[in-house]
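The structure appears below as structure tokens.
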Amino acid sequence: MTTDAAPPRSLLYVPGSNARALEKARGLAADLLIIDLEDAVPADRKIEAREAMRRAVEAGYPGKRIAVRVNASGSWEQEADITALYGLALDAVVLPKVDAVADLDPVRVLGVPILAMIETPVAIYAARGIASDPAVVGLIAGLNDLAHELKLPDGMDRSAMSVAIQTIVLAARAAGVRAFDGVYNALDDAAGFAAEAAEGRRLGFDGKTLIHPSQVDPCNAAFAPSARQIAEAEALVAAATGGAQRHEGRMIEDMHVAAARALLERAGR
1 MTTDAAPPRS LLYVPGSNAR ALEKARGLAA DLLIIDLEDA VPADRKIEAR EAMRRAVEAG
61 YPGKRIAVRV NASGSWEQEA DITALYGLAL DAVVLPKVDA VADLDPVRVL GVPILAMIET
121 PVAIYAARGI ASDPAVVGLI AGLNDLAHEL KLPDGMDRSA MSVAIQTIVL AARAAGVRAF
181 DGVYNALDDA AGFAAEAAEG RRLGFDGKTL IHPSQVDPCN AAFAPSARQI AEAEALVAAA
241 TGGAQRHEGR MIEDMHVAAA RALLERAGR
């Protein structure tokens, strides 16, 4: 996955130890499948998950981008995870609990773009340096762990993490890489998910990580331009003559035209 390609809107975690989920993922509309060897896999099934992950990736997921989440640097499982990834065609490796640039080092040997998870207060302060590393193509907000580390009484209250969330987006944008929102835990709350996905888009995230197939379609909708936005962008581009000018009651300049063209390109993709 490169930063000049269209960013994935929906990034779905698929447990490496769940054969049914690995197969079902082939028919889902997720932009990026993240086969998970970390949190979604019980400790006594790690070996099984690595083997299943490798079989699944070698079999292929036509038309889909594929990443694998390995265990964190410093864990005794990570070396085995990295060994299992050698020779596989992956779009990215997802590395959890990246607190410093040095945490990236064990994964560099794969030569695969890294999506670094920012999950602790230490990581928030280090986010700009992490995002600027040449191996990193994006940051993922690990908000469950962050809420725990911050000792928040209500982990679902994103407003309590607003500074941290915006710091992740700022660090990514300053480094010219992607930024992806954290997961939404309440599987049966469709309205709540839609609201959080829309909020993530407003905050500047490129997409959102997901934990259930039911979240894929509403996520794609939330991060895709609406029909109204497309029409407005088309009208703005058509009206633009260069420099500052009045358009439909507001002042526009080249920056607004560039943003409208980018929206139309995203809609076309």
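Sequential numbering from 1 applies to the sequence shown in full-length UniProt numbering. The beta carbon of each residue, even a glycine, is placed where N, CA and C say it ideally should be. The model shown is predicted, which means the values in this text are computed figures rather than measured ones.
For Asp36, the enclosing beta strand (DSSP E) covers residues 32-36. Looking at the DSSP output, Phe180 sits in a beta bridge with Ile140, Gly207. Taking C-beta separations shorter than 8 Å and ignoring five residues to either side along the sequence, the partners of Leu104 in its chain run Ser73, Leu95, Val98, Ile114, Ala116, Ile130, Asp133, Ala135, Val136, following chain order. If the five residues before and after Ala186 are omitted, its C-beta is found closer than 8 Å to the C-beta atoms of Met156, Gly192, Phe193, all from its own chain and listed in chain order. The beta carbon of Pro106 is closer than 8 Å to those of Ser73, Gln78, Glu79, Ile82 in its chain, skipping five residues each way along the sequence. For Val41, the closest of Lys24, Pro62, Arg173, Val68 by C-alpha to C-alpha distance is Val68. It is roughly 11 Å from the alpha-carbon of Gly60 to the alpha-carbon of Met53. With respect to the C-alpha of Leu143, the residue from Ala198, Ala43, Phe180 having the closest C-alpha is Phe180. Closest in alpha carbon position to Phe205, among Ile211, Arg178, Tyr13, is Arg178. Ala171 and Ala100 do not touch by the CB rule: their CB atoms are close to 13 Å apart, not below 8 Å.
As computed with DSSP, Ser10 is found in a beta bridge with Lys208. Under the DSSP assignment, Ala21 falls in the alpha helix (DSSP H) whose first and last residues are 19-24. In the DSSP assignment, Ile252 forms a beta bridge with Gln245. In the DSSP assignment, Val94 forms a beta bridge with Arg69, Leu115. CA-to-CA, the gap between Asn71 and Leu37 works out to about 6 Å. Distance from the Cα of Ala258 is smallest, within the candidate group Glu248, Gly243, Gly249, for Gly243. Taking 8 Å as the upper bound for CB-CB distance, Leu12 and Ile66 are not in contact here, some 11 Å apart.
Listed in chain order, the non-local C-beta contacts of Leu152 below 7 Å within the same chain comprise Ala160, local neighbours out to five positions each way being set aside. Shown here, Pro218 sits in a helix according to DSSP, grouped into three states.
Rounded to whole angstroms, the Cβ separation of Ala197 and Cys219 is 5 Å, and the two are in contact under 8 Å. Assignment of Pro15 by DSSP, reduced to helix, strand and coil, places it in the strand class. Counting the other CB atoms within 10 Å of its CB gives Met1 a total of 16 or more, which places it among the buried residues.
Ser162 sits in a helix when the DSSP states are folded into three classes.
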